[in-house]
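*Asks:*
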Amino acid sequence: MPRVPSPAARHVGEHIATARKERGLTQDDLASLTGIDSSNIRGYESGRAMVSVQTLVRIADALRLEPGALLRGIELGMFTAPERDGRRRAG
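For the sequence shown, the positions run 114 to 204 when the working numbering is used.
1. Just verifying my parser: in three-state terms, what is the DSSP assignment at R161?
2. Specify the secondary structure class of R177 as computed by DSSP and reduced to three states.
3. Leaving out the 5 sequence neighbours to the left and right, which residues in its chain are closer than 6 Å to I154 when beta-carbon positions are compared?
4. In whole angstroms, give me the CA-to-CA distance for H124 and E179.
5. Which residue comes first and which comes last in the alpha helix (DSSP H) that contains R133?
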């Protein structure tokens, strides 16, 4: 699980936690439904880690949501800018 704490990760995690609680599920329940380790679920919900697209789809499916519902309200500025690594960028 990539550890990418950012406002975006926190935002997505809040959506996951809210949807899970609305359905009366525990983090362990969601982990069982998705096949994702419960420690990863905790990391996503707390915003310590950003979900991959595949994981987002698995979680949305278990919560019976469209994946876009978990991304609602995300803006580009919420992502932490990567540090310069010396490579040239297009543009």
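Just so you know, even glycine gets a beta-carbon here, dropped at the ideal spot from N, CA and C.
*Replies:* This is what the structure holds:
1. Locating residue 161 in the sequence shown gives position 48, where the first residue counts as 1. In this structure, R161 counts as coil in the three-state DSSP scheme.
2. In the sequence shown, residue 177 corresponds to position 64, counting from 1. The answer is coil: DSSP assigns R177 none of H, G, I, E or B.
3. Stepping through the sequence shown from its first residue, residue 154 is reached at position 41. Cβ-Cβ distances below 6 Å link I154 to Q140, L143, A144 in the same chain, with the five nearest sequence neighbours on each side left out; the list follows chain order.
4. Residue mapping note: residue 124 aligns to position 11 of the sequence shown, counting from 1. Residue mapping note: residue 179 aligns to position 66 of the sequence shown, counting from 1. Distance between the alpha carbons of H124 and E179 is about 16 Å.
5. Taking the sequence shown and counting its residues from 1, the one referred to as residue 133 is at position 20. Counting along the chain, the alpha helix (DSSP H) containing R133 begins and ends at 120-135.
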